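Worksheet: the structure to be examined is printed underneath.
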Amino acid sequence: MKILIIEDDSAIGNLVLYNLKQEKYEAKIATRAKDGLREVKQWRPDLIVLDLMLQDMSGLDICRTLKSNAETNHIPIVMLTAKSEEIDRIVGFEVGADDYITKPFSPRELVLRVKAVLKRKEVKESPGKKVKFKEMVIDYERHCVVINKKVLELTLTEFKLLAYLVENKERVLQRDSILNYVWGYSTEVFSRTVDAHVTRLRDKLGNYGKYIKSVRGLGYCWKE
Numbered sequence: 210m211k212i213l214i215i216e217d218d219s220a221i222g223n224l225v226l227y228n229l230k231q232e233k234y235e236a237k238i239a240t241r242a243k244d245g246l247r248e249v250k251q252w253r254p255d256l257i258v259l260d261l262m263l264q265d266m267s268g269l270d271i272c273r274t275l276k277s278n279a280e281t282n283h284i285p286i287v288m289l290t291a292k293s294e295e296i297d298r299i300v301g302f303e304v305g306a307d308d309y310i311t312k313p314f315s316p317r318e319l320v321l322r323v324k325a326v327l328k329r330k331e332v333k334e335s336p337g338k339k340v341k342f343k344e345m346v347i348d349y350e351r352h353c354v355v356i357n358k359k360v361l362e363l364t365l366t367e368f369k370l371l372a373y374l375v376e377n378k379e380r381v382l383q384r385d386s387i388l389n390y391v392w393g394y395s396t397e398v399f400s401r402t403v404d405a406h407v408t409r410l411r412d413k414l415g416n417y418g419k420y421i422k423s424v425r426g427l428g429y430c431w432k433e
């Protein structure tokens with residue numbers, strides 16, 4: 210697995226690089242946004258660890274750029290920043306980040322987050338499996354969602370979230386359950402993570418977004 214680190218603080222970048230290489234990942238660092246974007250295009254990493262505050266371009270803008278491009282929107286992104294305010298996390302998730310970790314951080318925690326995000330890329334369902342709801346088809350083999358013959362541009366996290374909701378339609382899924390299934394953990398991540406992704410997913414689904422029902426104080430339900 211190839212991991213690109215876009216971080217302008219050499220001490221932080223080298224710490225992340227060392228710990229990822231200890232886990233046998235192939236990793237490299239880009240210290241500027243433009244270099245990072247070039248590496249994404251040429252090297253095709255499996256995951257990106259992205260600093261929010263870079264000198265030449267904000268991490269949010271980089272994330273927004275990558276997630277709006279059909280060639281790169283499938284690459285999961287873990288945001289890395291010194292900011293700890295909830296609003297910064299929510300904005301990060303709204304532009305498509307798959308996870309978020311604040312400095313100072315435990316190298317072990319970072320590795321666990323990276324592993325959890327990469328695990329989401331694995332399609333464990335049987336090859337060729339499809340789930341249909343009205344004119345929407347969730348294609349597990351192609352890892353895509355099609356509505357009225359139009360392919361939606363979803364991130365890996367959004368795809369897994371939608372699949373989990375639809376496969377459990379009419380059933381209320383609590384936030385902890387969603388966090389555990391989609392992100393691979395529940396205690397380290399606050400519930401607003403789910404809310405931010407649901408909001409983004411609803412927007413992408415268009416008319417089908419109305420089937421994601423909010424259940425006050427509990428979570429969400431896919432319901433006609």
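For the sequence shown, counting from 1, position 9 maps to 218 in the numbering used here; every step adds exactly one.
The beta carbon of each residue, even a glycine, is placed where N, CA and C say it ideally should be.
No experiment lies behind these values; they were computed from the predicted model shown.
C-beta contact flag for residue i and residue j at 9 Å
i       : j       : result
Asp-244 : Met-288 : no
Leu-226 : Lys-237 : yes
Gly-418 : Ile-387 : no
Asp-348 : Lys-358 : no
Ile-421 : Arg-409 : no
Glu-367 : His-406 : yes
Thr-159 : Ala-325 : The chain is shown from 210 up to 433; residue 159 falls before or after that span and cannot be answered.
Arg-317 : Asn-389 : no
Lys-343 : Gly-393 : no
Inter-residue spacing [alpha-carbon to alpha-carbon] between residue i and residue j
i       : j       : result
Ala-279 : Arg-253 : 13 Å
Cys-430 : Ser-219 : 44 Å
Lys-432 : Asp-270 : 34 Å
Leu-414 : Gly-222 : 37 Å
Met-262 : Val-304 : 15 Å
Gly-239 : Met-266 : Here residue 239 is Ala; the residue named in the question, Gly, does not match the sequence. Their Cα atoms are separated by approximately 13 Å.
Arg-322 : Leu-363 : 20 Å
Glu-376 : Gly-426 : 22 Å
Ala-372 : Leu-224 : 36 Å
Rounded distance between the beta-carbons of residue j and residue i, thought under 8 Å
i       : j       : result
Val-381 : Val-424 : 5 Å
Nonlocal neighbours in the same chain, by C-beta distance under 7 Å from residue i, ignoring five residues either side
i       : result
Glu-232 : Val-320
Sequence-distant residues of its chain with Cβ nearer than 8 Å to residue i (five each side left out)
i       : result
Val-249 : Leu-213, Ile-257, Leu-275, Thr-281 and Ile-284
Residues near residue i in its chain [Cβ-Cβ closer than 6 Å; skip 5 each side]
i       : result
Cys-353 : Val-360
Those residues which DSSP pairs with residue i across a bridge
i       : result
Met-345 : Phe-342 and Ile-356
Trp-431 : Ile-421
Asp-244 : Answer is none; Asp-244 lacks a bridge partner.
Gln-383 : Gly-428
Leu-259 : Ile-215 and Met-288
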